[in-house]
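If you're matching them up, the sequences are chains E and H in order. Following the working numbering, the numbering of the first sequence begins with 8 at its first residue and continues without gaps. Following the working numbering, the numbering of the second sequence begins with 8 at its first residue and continues without gaps. Quick reminder that beta carbons are idealized off the backbone N, C-alpha and C, glycines included. First the structure, in the form of structure tokens, and then the observations on it.
2 protein chains.
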Amino acid sequence: MATAEYESIPEVASDAVKSGRDVAVMKFGGTSVGDTEKIKEVARRLVRAREEGRRVVGVLSAMGDTTDELERLAHEISAQPHPREYDMLVSVGERISNALCAMAVHDLGHEAISLTGSQAGIVTDTVHGKAKIAEIRATRINEALDAGKIVLVAGFQGVSADSHDVTTLGRGGSDTTAVALAAALGADVCEIYTDVEGVFTADPRIVDGSLKLKTVSYEEMLEMAATGARVMMARSVEIARRYGVRLHVRASSSDSEGTWVAEEGDLVLEKAIVSGVTHDVSEAKATIVAVPDTPGVAARVFRVLADAGVNIDMIVQNVSADGATDISFTLPKSDLATAKPILDRLAADIGARASEVDDEIAKVSLVGAGMKSHPGVAADMFEALAEAGINIEIISTSSIRVSCVVRAADVERAVQAVHDKFRLYAEERARA
Amino acid sequence: MATAEYESIPEVASDAVKSGRDVAVMKFGGTSVGDTEKIKEVARRLVRAREEGRRVVGVLSAMGDTTDELERLAHEISAQPHPREYDMLVSVGERISNALCAMAVHDLGHEAISLTGSQAGIVTDTVHGKAKIAEIRATRINEALDAGKIVLVAGFQGVSADSHDVTTLGRGGSDTTAVALAAALGADVCEIYTDVEGVFTADPRIVDGSLKLKTVSYEEMLEMAATGARVMMARSVEIARRYGVRLHVRASSSDSEGTWVAEEGDLVLEKAIVSGVTHDVSEAKATIVAVPDTPGVAARVFRVLADAGVNIDMIVQNVSADGATDISFTLPKSDLATAKPILDRLAADIGARASEVDDEIAKVSLVGAGMKSHPGVAADMFEALAEAGINIEIISTSSIRVSCVVRAADVERAVQAVHDKFRLYAEERARA
């Protein structure tokens, strides 16, 4: 399930909207700024938008593996780096790329200014490593835009309201910065430049015949993000939905149209049932075996795990005839080390037989707004997997999504089989 | 001549002094923080000072070649990187090392906080790349010290008073930060940790028998810095002198005493004539040949060069019998490209025969406060060079220094010869 985080971008948004001028927020991911040549290319794109008369805000991620390198240094120093200092450290990557891009814009004969999260007025709470944006004080950005400058904002970071410390926004943080800025500045579109052409019906690297979608609703994009589509994090899509910021996910290497993400009502989606097949191999499965079937047991299990900060995804529980049951759920592999001893203790405490973990699983999901009115979709999906000889271990559904846990070794075949089954719908959708 | 820059660190200093508590400002240069192991070593040293009950402020330079790497990126982007953005870029190196050190301190069981120049209240003018400190607003540092924390301040950088932009302080900037902080916080000593044991009577890498000095006066240290001793920049020494901050230059790799730099009156220097022999191969010589000897010609030459930002060091002019004269001076090799066309134009304008430049020179200097009362020192130096068969091209003196320009190829022999001549005095001094 999508664990969307809600961020408030209050009054400022309406203030900015009043200015009524055409603001372009353009975000460039790590591979789009991988070296100085690519940064110059980004600068040319920003300048082109400026020369079309737009007020241009660029948000660049850190170059290539800069952030990985900084993380490596931190872990050489400490097994558990101090969170405040960790944010101080890992936030420099964006400062580097944005300053370099500002230099490149200057060389193209335009004025530019790069701003840190703090200078850009990205005010957050104090939760280091996954801070939420509390407010955007856009005065300095607006002044620079009024002066005709191209503004570069270091993504992924902000400053805490109370302590004036540098904070970071967590994974996908530069998208969050860009979408929040688009909301605060009243931009009608936030362009997300990436290394793929847009949002696809399945990962083109593993599925033959996957297609680029022209449009996708916020709701579908959220489900796709939550089930493994890596093009955007659910959190940024959620902010876009709340503030009505249309997203345009597109390739930094070309000028062709990518995928628009917007309100369902604004898009021509009626005929399309399926928007995509996603997959996720980052999760593991845990099972507590032969749990006494008494009220409150499930609540107790998941409260203890939640208190330990373990993110639970799918949960299934089958009540058995003899009064004992198995509780299974999926969780990030990275949380296994934390969760395993807790589960062992829990199993003993509640009188279960044992706890088991399995990290050889994968999740395959089918997402589509049209599913709501087409009840046969789930059955079609199960059939596709059965025909491919793939066993389903867990099933979970929402109104616009069906997810199945399968063996990790089967994941590529599973995605291909499901995609083949729905290919006709997907082609229809891609043409919409 | 020493081109000391004056920075004012006003009221705050006296405020801080009132607190009357023992503040240790400890600065670590690039090689002392070359990798994460060395940063952990720095953390241990800071913790040791804290455990002695001192209020500890660390100032770390950027790790090894981080700043060079950032400069390389900037020059890949632009032949002339925009100064504001350049500062934004190159200031991140210190942020990295100081955040890493704060993590390491935490792991040793002490509280630490790393602060950017801006967070530390290092307020500067707006001259990007060589900003001067205008004020230190030490509130945040003092609060952290009051809370028992070890404070890490990113050296080399500040924030401009008017525009709130990141500024950098130029070469040796971390020393400047450390000394200015020591002044503002009322520290009675600023420890400069480096990769050598202290200040030597000559560069130990090229001179046999060079000795570590126990003490050296600000005045001598300034002359040594200005004539090629690389252990500290003149600017930081000048600030230390103005605010009476004693410096202790010492090795980060050992606990042995290094060299104390303080007021002449506070040191036992009476017997010592010579503090050291320095050399500098970074300069070139320029000559305007056969200049008509009319009033105002020299003023015109050096006004034009000053306006072009060329730093002139030694100047000699010999009036000749026939009413024409040669004007020679030294200037940084890096300014040659700017200076040459100016000199050619000047020579034509003023009716001189030609202008010549020569980048195969070196400057050898002898520095010592005791020289004031020992008029024979200069003659001894010329004699030493003559005995070694080394020709002197230009001579320049101050009350505590004699400098000679020689051929670059002769520099090592020249330094050795002069050092040998004064070795007896040097040994006396080292014992002081």
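Step through the CB atoms of chain E and report whether any lies within less than 9 Å of the CB of residue i.
i	result
Ile46 (chain H)	yes
Leu77 (chain H)	yes
Ala416 (chain H)	no
Val99 (chain H)	yes
Leu80 (chain H)	yes
Val173 (chain H)	yes
Arg249 (chain H)	no
His89 (chain H)	yes
Thr133 (chain H)	no
Thr123 (chain H)	yes
Met321 (chain H)	no
Quick check on residue i - is its C-beta less than 9 Å from some C-beta in chain H?
i	result
Thr43 (chain E)	yes
Ile120 (chain E)	yes
Gln126 (chain E)	yes
Thr294 (chain E)	no
Tyr225 (chain E)	no
Thr38 (chain E)	no
Glu92 (chain E)	yes
If distances are taken between C-alpha atoms only, which option among the options comes closest to residue i?
i	options	result
Gly136 (chain H)	H:Val158, H:Val112, H:Arg102, H:Asp172	H:Asp172
Val97 (chain E)	E:Thr208, E:Thr301, E:Ser181	E:Ser181
Val223 (chain E)	E:Ala233, E:Ala232, E:Glu76, E:Val268	E:Val268
Thr90 (chain E)	E:Val422, E:Leu176, E:Leu373	One detail in the question is off: residue 90 (chain E) reads as Pro in this sequence, not Thr. Answer by Cα proximity: E:Leu176.
Val164 (chain H)	H:Gly155, H:Thr174, H:Ser170	Sequence check: residue 164 (chain H) is Gln here, not Val. When each option's Cα is compared against that of Gln164 (chain H), the closest is H:Thr174.
Asp314 (chain E)	E:Leu188, E:Ala346, E:Val413	E:Ala346
Gly128 (chain E)	E:Leu115, E:Gly251, E:Glu142, E:Ser263	E:Glu142
Gly162 (chain H)	H:Ser243, H:Arg237, H:Glu83	H:Ser243
Asp300 (chain H)	H:Ala291, H:Ile402, H:Arg257, H:Ala331	H:Ala331
Thr201 (chain H)	H:Val238, H:Asp195, H:Pro211, H:Phe207	H:Val238
Gly251 (chain H)	H:Ala190, H:Ser410, H:Ser260, H:Ala305	H:Ala190
Leu229 (chain E)	E:Ser405, E:Ala151, E:Lys156	E:Ser405
Ala168 (chain E)	E:Glu400, E:Glu245, E:Thr133	E:Thr133
Thr266 (chain H)	H:Thr208, H:Gly155, H:Ala297	H:Thr208
Asn105 (chain E)	H:Ala106, H:Ala81, H:Gly116	H:Ala81
Glu390 (chain E)	E:Asp366, E:Val63, E:Ala194, E:Val422	E:Val422
Thr294 (chain H)	H:Arg360, H:Ser260, H:Val311	H:Arg360
Chain E partners of residue i, CB-CB under 7 Å?
i	result
Leu96 (chain H)	Ile103, Ala106, Leu107
Pro302 (chain H)	Within chain E, no residue comes near Pro302 (chain H); the closest Cβ sits about 45 Å away, beyond 7 Å.
Between which two residues does the beta strand (DSSP E) containing residue i stretch?
i	result
Ala313 (chain H)	That residue, Ala313 (chain H), is in no beta strand (DSSP E); its alpha helix (DSSP H) goes 304–314.
Pro211 (chain E)	Run containing Pro211 (chain E): none; DSSP gives neither H nor E here.
Val199 (chain E)	Correcting the residue identity first, residue 199 (chain E) is Ile in this sequence and not Val. First-last of the beta strand (DSSP E) with Ile199 (chain E): 196–201.
Ser104 (chain H)	No beta strand (DSSP E) holds Ser104 (chain H); the alpha helix (DSSP H) holding it covers 99–114.
Glu142 (chain E)	140–143
Gly179 (chain H)	Here Gly179 (chain H) belongs to no beta strand (DSSP E), and DSSP marks it neither H nor E.
Strictly below 8 Å CB to CB, what residues from chain C border residue i?
i	result
Ser85 (chain E)	Going by chain labels, chain C is absent from the structure shown, which instead holds the protein chains E and H.
If you follow the alpha helix (DSSP H) that residue i is part of, which residue opens it and which one closes it?
i	result
Pro348 (chain H)	343–356
Lys47 (chain E)	43–58
Glu290 (chain H)	Looking at the DSSP string, Glu290 (chain H) is not in any alpha helix (DSSP H); the run it does join, the beta strand (DSSP E), is 290–299.
Met419 (chain E)	The sequence as given places Glu at residue 419 (chain E); Met does not occur at that position. Element bounds for Glu419 (chain E): 418–428.
Leu220 (chain H)	Leu220 (chain H) -> no alpha helix (DSSP H), and no H or E assigned at all.
His82 (chain H)	73–84
What in chain H is Cβ-close to residue i, meaning under 8 Å?
i	result
His117 (chain E)	The premise fails here: His117 (chain E) is roughly 11 Å from chain H at the closest Cβ pair, so nothing lies under 8 Å.
Glu150 (chain E)	Within chain H, no residue comes near Glu150 (chain E); the closest Cβ sits about 11 Å away, beyond 8 Å.
Next item on the list: With 8 Å as the limit, tell me which residues of the region 190–216 of chain E have their beta carbon closer than that to any beta carbon of chain H; keep them in chain order.
Entry: none
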